[in-house]
Each structure stands twice: as C-alpha cells, then as structure tokens.
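Reviewing the structure listed below.
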Amino acid sequence: MDSLEPRDEFDLGEEPVVGKPRDYPAGKETERHRHPTAQLLYAVEGLMLVGTERGQWVVPPTRAIWLPIGTWHQVSMVSPVRMRSIYVRGDRLEGLPADCCVLEVSPLLRELIVAAVAVGRVCQSGSRDEKVMDLLLAEIGRAPVLPLSLPQPASAALRQLCDVWLAHPDDARGAAEWARELALDPRTLQRRFRRETGLSFGQWRRQARLMLALQRLACGDSVLKVALDLGYASPSAFATMFKRELGAPPSSFFAA
426 MDSLEPRDEF
436 DLGEEPVVGK
446 PRDYPAGKET
456 ERHRHPTAQL
466 LYAVEGLMLV
476 GTERGQWVVP
486 PTRAIWLPIG
496 TWHQVSMVSP
506 VRMRSIYVRG
516 DRLEGLPADC
526 CVLEVSPLLR
536 ELIVAAVAVG
546 RVCQSGSRDE
556 KVMDLLLAEI
566 GRAPVLPLSL
576 PQPASAALRQ
586 LCDVWLAHPD
596 DARGAAEWAR
606 ELALDPRTLQ
616 RRFRRETGLS
626 FGQWRRQARL
636 MLALQRLACG
646 DSVLKVALDL
656 GYASPSAFAT
666 MFKRELGAPP
676 SSFFAA
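Okay, structure coming up:
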C-alpha cells in the first residue's frame, strides 16, 4: 500500500489534534500500518515494542514514542498496556520532532495527554479545550529524547550477526572475533556497521542490552538476574550503565 489510506475514524476528520484511548492485553500485536498524521503513542501502563523501518523502539511506562506522518509501524505489547494516542495533522507540526524518537513524559505532559483524550473530537476555537491542545503540542516539542531505539543494519550478513548476538546477549566476544565469523577484517566490520546503523558494534550492543533489560524488568525479573543474564560482571555495573543512559537506577525506573 503506497498511499496514506485512512485507518482510524480520526484519519477521516478535520480536527488538527485528537486524543484517543486504547487498552491491550499482553502479547497483542497490531498489524503493520501508518497514518496520514503524526502520532504520539503513550503508555500509561505497560511496555510496548514499536517496530519501524528504521529499527526497534522500546517504550516503557511514562515514556512515549513520536511517529512522524506516514511512518510504517507495528506495536507489540510486552505486558498489558493502557495506550493513549495523540494524532497531529501536518499544519500543527511546527516545533515538533522530525524523526521517530522516544520522549520522556513529564507530569505536566502526562496530564495534558490525559486531558486531550478526555476532550474527544470537538474542540471549539478559543475554548479551554483548544488551549489544552496548544499547550500539549508545546510540551511535546520540549520533551527530552531518550536513547531507546535499536537501529537495524540493512545487509543480511550484519542482520544475522545481530540476531545471533541478541539470542545470547551475555556473549562477550569482541568485534575482531565476530569479524572472523563473517570472514571480514575487523575494521571493515566496524565501518560497515557504523554505515548501516550509525553506531559502532560496541555501541549497538550496549544499546541492545539496555532495551533487553527494559523488557525483562517490565516483566518482573530481578535486577540481579537481568544483570547476569546480559553479561554484566555485577548488578552494580549494570545499574551504573542503566542510570548513565536513562537518568534513574533500574530499581526505580518504572516508577519514575
């Protein structure tokens, strides 16, 4: 499907900004789709995995993912999810992100999302509801971006390498050893990996471990088990990495 065909009732309307609630059980997956609007996907509760053509995005509670107009995506629910979506038309995108990204949701932004969902579809000019929508867009535009994406390489060989490593994330072999698996020079591997993902192989593995950790923690695994299963020497080493990347220790991240 090449055209941006309407998918939801909002896609057929004329409102510039609309909020919509949806709840999903654990294990639910949406079909791959896109909208003729930008979309902010917010998880009030639960963990979502969002797949786009650029890679995988993990969206924990109190975070949101921004999807520009026409972004193909599929959403998988790791746990029961209370989803709140904000749809934004093209003429209201000034100051908002140009690319897919995961955003930190402040208490103010959370309440504005909830209020926007409660407004419904009708928003009269000059009304309190219109002011809520205006402030909501301003807060989306200033929300901090979080490092919760995992870009995927384009070539089959590097994708296979990534799949093998993701099945065994405690594998500590360095780039030189993985290069031998592909009959490549280590410098060639690093060059190709950075060209296809924007990251070095080491950076990609750190990002992958972070995303795997979020999924495991959201499902109730202990910090100790997650740290050891992902190849960290100790829970403290894992906690240090986690706090450096996300600003909070793993023990309190989902309550942040």
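For the sequence shown, the working numbering gives the first residue as 426, with consecutive numbering after it.
For glycine and all other residues, C-beta sits at the position ideal for the given N, C-alpha and C.
Inter-residue CB distance, residue i and residue j (contact presumed, cutoff 8 Å)
{"i": "G645", "j": "D595", "result": "Not confirmed; about 20 Å, so no contact."}
{"i": "A451", "j": "P505", "result": "5 Å"}
{"i": "T496", "j": "R553", "result": "Contact flag wrong, Cβ pair sits at about 31 Å."}
{"i": "L466", "j": "S510", "result": "6 Å"}
{"i": "L573", "j": "V500", "result": "About 14 Å; that fails the 8 Å criterion."}
Same chain, Cβ closer than 7 Å to residue i, five either side skipped, listed in chain order
{"i": "K453", "result": "M502"}
{"i": "T477", "result": "T496, W497, H498 and C525"}
{"i": "T455", "result": "Q499 and V500"}
{"i": "F679", "result": "P485, P486, L642 and A643"}
Assigned exposure category for residue i - 16 Cβ within 10 Å defines buried
{"i": "P493", "result": "buried"}
{"i": "A592", "result": "exposed"}
{"i": "A543", "result": "exposed"}
{"i": "T622", "result": "buried"}
Residues bridged to residue i (per DSSP)
{"i": "L466", "result": "I490 and S510"}
{"i": "V622", "result": "First, the amino acid is wrong: residue 622 is Thr here, not Val. In DSSP, T622 forms no bridge with anything."}
{"i": "V443", "result": "Y512"}
{"i": "V570", "result": "L528"}
Contacts around residue i, its chain only, beta-carbon distance under 8 Å, and the 5 residues preceding and following it disregarded
{"i": "L562", "result": "V442, V513, R517, G520 and L521"}
{"i": "D427", "result": "Annotation note: pLDDT 43 at D427 (below 50); position unreliable, coordinate value reported separately. Counting only Cβ-Cβ distances below 8 Å, and skipping sequence neighbours, we find nothing."}
Same chain, Cβ closer than 6 Å to residue i, five either side skipped, listed in chain order
{"i": "L575", "result": "G480, Q481, Q632, A633 and M636"}
{"i": "D448", "result": "R507"}
{"i": "A577", "result": "The sequence given here places Gln at residue 577; Ala does not occur at that position. Same-chain partners within the cutoff: G480."}
{"i": "K445", "result": "S510"}
Simplified DSSP state of residue i, which is helix, strand or coil
{"i": "M666", "result": "helix"}
{"i": "D448", "result": "strand"}
{"i": "V484", "result": "strand"}
{"i": "Q499", "result": "strand"}
{"i": "L562", "result": "helix"}
{"i": "E529", "result": "strand"}
{"i": "L575", "result": "strand"}
{"i": "T455", "result": "coil"}
{"i": "D474", "result": "Correcting the residue type first, residue 474 is Leu in the shown sequence and not Asp. Strand, per DSSP."}
{"i": "E592", "result": "Position check: residue 592 holds Ala in this sequence, whereas Glu was assumed. Residue state, collapsed to three classes: helix."}
{"i": "M426", "result": "Since pLDDT at M426 reaches only 41, below the 50 mark, its modelled position is unreliable, and the value read off the structure follows with that caveat. In this structure, M426 counts as coil in the three-state DSSP scheme."}
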